[in-house]
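S.K.: In our numbering, the protein residues as written are 94 to 347.
For glycine and all other residues, C-beta sits at the position ideal for the given N, C-alpha and C.
Being a predicted model, the structure only gives us computed values, none of them experimental.
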Amino acid sequence: MKILDQWYAHVEQGRKSLAVLIDPDKVEDTSRLTPLIRLASENCVDYLFVGGSLMTTTNLSEVIRFIKSQVSIPVVLFPGNSLQLDAQADAILFLSLISGRNPDLLIGQHVAAAPIIRNSRLEVLPTGYLLINSGKITSAAYISNTMPIPEDKYSLAACTAMAGEMLGLKLIYLDAGSGAEREISAKMISAVRQAVKVPLIVGGGINTAAKATKALEAGADMIVVGNALEKNPELLIEISDKVYEWNQSLQPRK
Ligand code: 1GP
């Protein structure tokens with residue numbers, strides 16, 4: 094089954110998913126990833142996202158090869174730009190930064206990447222990407238040269254997501270940016286949740302199990318955790334428990 098179909102089927106059942114973000118730029122030595130990817134495999138992590146806003150190293154391919162040699166969790170590219178392509182991955186979040194007004198990230202990079210992706214086996218996941226202000230300027234906001242949506246402008250985010258859905262984007266990703274000071278508020282998540290039917294991914298600054306639970310309760314279908322696990326991989330156990338508990342509590346459909 095394709096990743097997108099599986100995702101939609103999960104959302105239909107009310108099931109939540111968990112993705113771990115690995116930033117290749119922060120991986121000095123791939124073998125150091127072993128504890129995290131082993132924990133991810135043992136704790137039923139659904140996807141491994143790989144990518145970052147800025148890549149100063151050339152080890153994207155090596156990181157993906159290493160992950161693939163260790164675990165069978167699907168690898169999804171989360172590219173900061175069109176250079177971050179690798180055909181070893183299973184899928185790519187084809188991100189249009191709809192919260193910003195930088196044409197290059199709305200459609201420009203996509204044009205350059207399209208023929209390369211077409212000639213690969215990568216599954217394309219068309220995604221409306223929204224950066225939400227979270228305190229200090231994040232790398233994502235700076236590198237993208239866009240202004241994140243103010244964190245108290247709920248209607249603005251909701252209408253942006255709505256427009257993305259109307260344009261045919263299949264997923265909406267609300268991101269406070271990696272290592273955000275403040276995670277996305279429950280009020281913001283729920284405003285966007287009510288505005289669209291497509292699966293909702295939420296990430297940025299989720300560094301405790303309580304924050305993960307809050308995002309799930311507010312309507313996130315998938316949470317993404319990266320930064321916090323670089324310091325403390327064991328946190329993954331607590332967070333994945335919350336996702337597991339949620340999914341266990343669902344009543345089987347008749
Ligand atoms: C960032 O949503 C991801 O794009 C994950 O954020 O690294 O803060 O967990 P963190």
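1) Using DSSP's beta-bridge definition, name the partner residues of Thr220.
2) Beta-carbon within less than 6 Å of Phe159's beta-carbon, same chain only, minus the 5 sequence neighbours each way: which residues are those?
3) Please classify Ala205 as buried or exposed, where buried requires at least 16 other C-beta atoms within 10 Å of its C-beta.
4) Within its chain, find whatever has a CB closer than 8 Å to the CB of Arg214; leave out the 5 residues flanking it on each side and keep chain order.
5) Below 6 Å CB to CB, which residues in the same chain sit around Arg125 once its five sequence neighbours on both sides are set aside?
6) Is it buried or exposed for Gln344, if we count other Cβ within 10 angstroms and need 16 for buried?
7) Which residues in the same chain as Met255 place their Cβ atom closer than 8 Å to its Cβ, once the five residues preceding and following it in sequence are excluded?
8) Within 10 Å of its beta-carbon, does Ile130 have 16 or more other beta-carbons around it, so buried, or fewer, so exposed?
9) Specify whether the segment 103-112 and the segment 311-322 touch according to this definition: at least 3 beta carbon pairs, one from each stretch, less than 8 Å apart.
10) Within the present structure, is the beta-carbon of Asn325 separated from the nearest heavy atom of the ligand 1GP by less than 7 Å?
11) Counting along the chain, where does the beta strand (DSSP E) carrying Ser110 start and finish?
12) Buried or exposed for Glu348, going by 16 or more other Cβ atoms inside 10 Å?
13) Please check the pair Arg275 and Gly298, which I expect to be a contact at CB under 8 Å, by giving their CB distance rounded to whole angstroms.
14) Would Leu147 and Leu218 qualify as a contact pair, given that the criterion is a beta-carbon distance under 8 Å?
M.R.: The short version:
1) Leu188, Leu264
2) For Phe159, where only same-chain residues beyond five positions count, the Cβ hits under 6 Å are Thr123.
3) exposed
4) Ala180
5) none
6) exposed
7) Ala288, Val289
8) Ile130 should be labelled buried.
9) The segment 103-112 is in contact with the segment 311-322.
10) no
11) 110-115
12) As shown, the chain starts at 94 and ends at 347. That puts residue 348 outside it, with no answer to give.
13) 6 Å
14) no
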